[in-house]
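Numbering (full-length UniProt numbering), first residue to last: 1 to 89.
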């Protein structure tokens, strides 16, 4: 996820947190007060990426492959055998 995507998602999440209790943006409520006990959206994404990496690591068909930098590398290690997937870790 790029920085601009993370900022966009974070600002959308903040708007949703303001919308539910009907807090107007001009009330100068800080983001810290809005989040309260809710986790930050980038922390939720990081936790779920790690959870996905754990599931991929334990998957029997993927056990011979090495996870690195968001893609899968086959055990041969040839550049032709490196396949990019739709998800990244």
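Where is the CB? At the ideal position from N, CA and C, for every residue including glycine.
Quiz prompt | Top-ranked residue by Cα proximity to residue 13, from 52, 49, 34, 50 | solution = Checking every option, the nearest Cα to that of residue 13 belongs to 34.
Quiz item: At a cut of 8 angstroms, does the region 36–44 reach the region 10–27 through at least three beta carbon pairs?
Solution: Yes, the region 36–44 touches the region 10–27.
Quiz item: Just how far apart, CA to CA, sit residue 57 and residue 51?
Solution: CA-to-CA, the gap between residue 57 and residue 51 works out to about 10 angstroms.
Quiz item: How is residue 16 classed by DSSP in three states: helix, strand or coil?
Solution: In the structure shown, residue 16 sits in a helix (DSSP, three-state: H, G or I).
Quiz item: On the three-state DSSP scale, how would you describe residue 42?
Solution: Three-state result, residue 42: helix.
Self-check item: Contact belief for residue 29 with residue 23 at Cβ below 8 angstroms, rounded distance in angstroms
Solution: Under the criterion of beta carbons closer than 8 angstroms, residue 29 and residue 23 qualify as touching, at roughly 5 angstroms.
Practice problem: Would you kindly work out how many angstroms separate the C-alpha atoms of residue 48 and residue 32, rounded to a whole number? | Solution: Here the C-alpha atom of residue 48 lies approximately 23 angstroms from the C-alpha atom of residue 32.
Self-check item: Span separating the alpha-carbon of residue 4 from that of residue 54
Solution: In this model, residue 4 and residue 54 are separated by some 27 angstroms (Cα to Cα).
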